[in-house]
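*Asks:* Let me give you the structure first, and then I'll get to my questions.
There are 2 protein chains.
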Amino acid sequence: MTLLEDPRRRLLDAAGEVFAEKGFNGGKVREICLRANVNGASVNYYFGDKERLYIEAVKQAACGLPEEQVRQWPADTPPAVKLREFIRTMLAHLMNAAKPAWHTRIMMRELAQPTSACAELVRDYIAPTANVLFAILGEMLPPKTPRWKRYMCGFSIVSQCLYYVQNKPIARLLVGEEDFKWFDEAHLAEHITQFSLAALKRNDE
Amino acid sequence: MTLLEDPRRRLLDAAGEVFAEKGFNGGKVREICLRANVNGASVNYYFGDKERLYIEAVKQAACGLPEEQVRQWPADTPPAVKLREFIRTMLAHLMNAAKPAWHTRIMMRELAQPTSACAELVRDYIAPTANVLFAILGEMLPPKTPRWKRYMCGFSIVSQCLYYVQNKPIARLLVGEEDFKWFDEAHLAEHITQFSLAALKRNDE
DNA sequence: TTGACAAACAAACGTTTGTTTGATATGAAT
DNA sequence: ATTCATATCAAACAAACGTTTGTTTGTCAA
Chain F
0 MTLLEDPRRR
10 LLDAAGEVFA
20 EKGFNGGKVR
30 EICLRANVNG
40 ASVNYYFGDK
50 ERLYIEAVKQ
60 AACGLPEEQV
70 RQWPADTPPA
80 VKLREFIRTM
90 LAHLMNAAKP
100 AWHTRIMMRE
110 LAQPTSACAE
120 LVRDYIAPTA
130 NVLFAILGEM
140 LPPKTPRWKR
150 YMCGFSIVSQ
160 CLYYVQNKPI
170 ARLLVGEEDF
180 KWFDEAHLAE
190 HITQFSLAAL
200 KRNDE
Chain B
0 MTLLEDPRRR
10 LLDAAGEVFA
20 EKGFNGGKVR
30 EICLRANVNG
40 ASVNYYFGDK
50 ERLYIEAVKQ
60 AACGLPEEQV
70 RQWPADTPPA
80 VKLREFIRTM
90 LAHLMNAAKP
100 AWHTRIMMRE
110 LAQPTSACAE
120 LVRDYIAPTA
130 NVLFAILGEM
140 LPPKTPRWKR
150 YMCGFSIVSQ
160 CLYYVQNKPI
170 ARLLVGEEDF
180 KWFDEAHLAE
190 HITQFSLAAL
200 KRNDE
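Protein sequence lines, in the order shown, are assigned to chains F and B.
Quick note on numbering: the first sequence equals residues 0 to 204 in numbering that gives the first Met the number 0.
Quick note on numbering: the second sequence equals residues 0 to 204 in numbering that gives the first Met the number 0.
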């Protein structure tokens, strides 16, 4: 059996790390090949060119994430409980230190400045996740709430979760090293949940 | 009189546009010079090298913004009014269509992935703005609120404003073109203010 | 053993990169 | 008129870039 998949996989992982850290233009093919322990010509051999390697790396970073979100709750679950669980799950994905850190970094990069890899990312990962949240909000907000208002509430919640991933360096700089110890997954999930639940409760006037 | 400042300024503006659109690595010196109608050697003549040109472009994008924030309110102004004004002002800066669009783009880029220009950016613009917000929150939150909790509330507010700048392409994609008409400066400011005020009111239990 | 084919490699390719050079033009001061 | 610093330019620079090439290696079928 030929180890056909092995260099290809090492190339994908190395590309993910490098591109996540330095972007598409900043990430150099030579560095990727060096880190993957493959020959310098392998990128073109396996992926055609640098851009298709980048797209494959982004797709790999997103795959496997949305399934966990879409699981069903018992029919009588209060929407507030669903929302707490949604926030907790989303933060867990974003801050998950177990999986390679570049997975979220390279996706945040796509969010801020979409490239050719963005379309598939929205269809396979972002839109399904967003629909789960909008369904929950549909239960919590007054029935006559216009659609755009529901979107705004959804973004107000998601934005709080994304903030600490997208702007972590500046947040740490402002807060200071000691106090930033509190900004772990559990404390953030609790704060965002309380903040958002309070906002939504008051909103139905 | 020698037009000493003219090519320098055109260079700065062109650099801002290009760097904002393509990042530091993606922005090429030749393209900047071409757009600025100056000779290819001018970057090195006026700024030394590409990196210092980038730093100057970022600084120019930030300058003049914080002063407007730091103005004083009458002593008896309710903190809720200050907060509404703060959010309105921040959104106005971020979404201001009058000033060149690359001003905010290049700053968002620095937030997400700090470069050598970041330190001055935080000191001169971000930290002063943040302090205004944290002072307002100091009036609204219970006196014994720990410092890190106040930071989290501040970030919860700021994150909502930043979201639509940092993730505008994806937000528009999810909402759809018709409903996205509602996401203008005024409606967003109103929503974020109501959402945040409700959250803070409920928080003092 | 042989032929065929994919995989892996070192080396070199042509381009593009940021930067430097040396010459020329300009304008005020001596 | 001469001097001198400043400003602008076309041209060329070395280095780094993504990619291509030609060859070698290892494996399996005939």
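C-beta atoms are modelled at their ideal positions from N, C-alpha and C, and glycine is treated no differently.
Just so you know, these numbers come straight off a predicted model, no measurement behind them.
Is the beta carbon of F/Trp101 sitting closer than 8 angstroms to the one on F/Glu16?
*Replies:* Contact: yes.
*Asks:* Tell me, to the nearest whole angstrom, how far the beta carbon of B/Lys58 is from that of B/Trp72; I am working on the premise that it is less than 8 angstroms.
*Replies:* Not quite, the Cβ-Cβ distance comes to about 29 angstroms (not below 8 angstroms), so this is no contact.
*Asks:* Chain F partners of B/Asp178, CB-CB under 9 angstroms?
*Replies:* Residues of chain F passing the Cβ test: Pro145, Arg146, Trp147 and Tyr150.
*Asks:* What residue range is occupied by the uninterrupted alpha helix (DSSP H) comprising F/Tyr45?
*Replies:* Looking at the DSSP string, the run of the alpha helix (DSSP H) that includes F/Tyr45 is Ser41 to Phe46.
*Asks:* Out of F/Glu55, F/Val28, F/Glu50 and F/Ala19, which has the shortest C-alpha to C-alpha gap to F/Leu11?
*Replies:* Ranking the options by Cα distance to F/Leu11, first place goes to F/Glu55.
*Asks:* Alpha carbon to alpha carbon, how far is B/Lys211 from B/Cys160?
*Replies:* Lying before the first or after the last residue shown, residue 211 of chain B is absent from chain B, which here runs from 0 to 204.
*Asks:* Going by Cα to Cα distance, which pick from B/Pro6, B/Glu30, B/Val131 and B/Thr144 is closest to B/Tyr44?
*Replies:* Out of B/Pro6, B/Glu30, B/Val131 and B/Thr144, B/Pro6 has the C-alpha closest to the C-alpha of B/Tyr44.
*Asks:* Using a cut-off of 8 angstroms between C-beta atoms, extract the partners of F/His102 located in chain B.
*Replies:* What F/His102 touches in chain B: nothing, since even the nearest Cβ is about 16 angstroms away.
*Asks:* Could you tell me if F/Arg108 is buried or exposed, where buried requires 16 or more neighbouring beta carbons within 10 angstroms of its beta carbon?
*Replies:* It is buried - the Cβ of F/Arg108 has at least 16 other Cβ atoms within 10 Å.
*Asks:* What residue range is occupied by the uninterrupted alpha helix (DSSP H) comprising B/Phe182?
*Replies:* Careful: B/Phe182 lies outside any alpha helix (DSSP H) and carries neither H nor E.
*Asks:* Please confirm whether B/Val121 has its beta-carbon closer than 8 angstroms to some beta-carbon of chain F.
*Replies:* So yes, B/Val121 belongs to the interface.
*Asks:* Expressed to the nearest angstrom, what Euclidean distance is found between the alpha-carbon atoms of F/Asn202 and F/Lys148?
*Replies:* Note on F/Asn202: pLDDT 48, under 50, position unreliable in the model; the coordinate value appears next. Taking the straight line joining both Cα atoms gives about 11 angstroms.
*Asks:* Let me know if F/Thr76 comes out buried or exposed under the rule of 16 or more other beta-carbons within 10 Å of its beta-carbon.
*Replies:* Exposed, by the Cβ-count rule.
*Asks:* For the region 31–43 of chain B against the region 115–126 of chain B, are there 3 or more C-beta pairs whose distance is under 8 angstroms?
*Replies:* Not touching, per the Cβ criterion.
*Asks:* Does the beta carbon of B/Gln165 come closer than 8 angstroms to any beta carbon on chain F?
*Replies:* Judged by the 8 angstroms Cβ criterion, B/Gln165 is in contact with chain F.
*Asks:* Once the 5 residues before and after B/Lys27 are set aside, which same chain residues still bring their CB inside 7 angstroms of it?
*Replies:* None.
*Asks:* Look up F/Arg87 in the DSSP assignment and say whether it is helix, strand or coil.
*Replies:* In this structure, F/Arg87 counts as helix in the three-state DSSP scheme.
*Asks:* Considering only their Cβ atoms, is the gap separating B/Gly153 from B/Leu140 smaller than 8 angstroms?
*Replies:* No, Cβ-Cβ distance for B/Leu140 and B/Gly153 is not below 8 angstroms.
*Asks:* Would you mind telling me which residues of chain F sit closer than 7 angstroms to B/Phe154, beta carbon to beta carbon, in chain order?
*Replies:* Neighbours of B/Phe154 on chain F, chain order: Tyr162 and Ala170.
*Asks:* I want to check one thing, is the minimum distance from the CB of F/Leu110 to the heavy atoms of the ligand ATP below 7 angstroms?
*Replies:* Absence of the ligand ATP from the depicted structure is noted, as is the absence of any ligand whatsoever, leaving it without description.
*Asks:* Below 6 angstroms CB to CB, which residues in the same chain sit around B/Asn130 once its five sequence neighbours on both sides are set aside?
*Replies:* Nothing listed; no residue qualifies.
*Asks:* Can you name, in chain order, every residue of its own chain whose Cβ lies under 7 angstroms from the Cβ of F/Phe85, other than the five neighbours on each side?
*Replies:* Contacts found: Val131, Leu132 and Ile135.
*Asks:* Using a cut-off of 8 angstroms between C-beta atoms, extract the partners of F/Leu82 located in chain B.
*Replies:* Here the premise fails: no neighbours, minimum Cβ distance about 13 angstroms.
*Asks:* Just curious, the alpha helix (DSSP H) that B/Glu119 is in, first and last residue?
*Replies:* Start and end: Cys117 to Leu120.
*Asks:* For B/Gln165, which residues from the same chain have a beta carbon less than 6 angstroms from its beta carbon, with the 5 sequence-adjacent residues on both sides left out?
*Replies:* Same-chain partners within the cutoff: Met107.
*Asks:* So, with DSSP's three-state summary, where would you put F/Thr211?
*Replies:* Here chain F has residues from 0 to 204 only, and residue 211 of chain F is not among them.
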